[in-house]
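This report refers to the structure that appears directly beneath it.
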Amino acid sequence: MIMILENTGFRAFNTIANTISLNYRSILNYFINRSTNASAESFNAKIKAFRAQFRGVKNVEFFLYRLTTIFA
Numbered sequence: 018m019i020m021i022l023e024n025t026g027f028r029a030f031n032t033i034a035n036t037i038s039l040n041y042r043s044i045l046n047y048f049i050n051r052s053t054n055a056s057a058e059s060f061n062a063k064i065k066a067f068r069a070q071f072r073g074v075k076n077v078e079f080f081l082y083r084l085t086t087i088f089a
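When the letters of the sequence shown are read in order and numbered with my numbering, they come out as residues 18 to 89.
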């Protein structure tokens, strides 16, 4: 199917085919095991929100300490 998409000449289909080729294991893993990386994405969002709240932190060691005490 990917070969068919690549040979159509449409760039959008080429983008889709490339995305599927690069991520097919993760895509299949979802359908086989029903597992996602949603928890990791949620944790990353929390870290981003925390960083946005404490912009301009000068003491990186203290920032990492606060991060681990809040989210650990």
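Backbone N, C-alpha and C fix where the C-beta goes; we use that ideal spot for every residue, glycine too.
Taking only three categories from DSSP, how would you classify THR53?
Of the three classes helix, strand and coil, the one that applies to THR53 here is coil, per DSSP.
If we count the other Cβ atoms within 10 Å of its Cβ and call it buried at 16 or more, is SER66 buried or exposed?
A small fix is needed here, since residue 66 is Ala in this sequence, not Ser. Classification of ALA66: exposed, given that the 10 Å Cβ count is below 16.
On the CB-based measure, 16 or more other CB atoms within 10 Å of its CB, does ALA57 come out buried or exposed?
Answer is exposed; the Cβ neighbour count stays below 16.
Within 10 angstroms of its Cβ, does ALA55 collect 16 or more other Cβ (buried), or is it exposed?
With fewer than 16 Cβ atoms within 10 Å of its Cβ, ALA55 is classed as exposed.
Could you compute how far the alpha carbon of ASN24 sits from the alpha carbon of TYR41?
Distance between the alpha carbons of ASN24 and TYR41: 19 Å.
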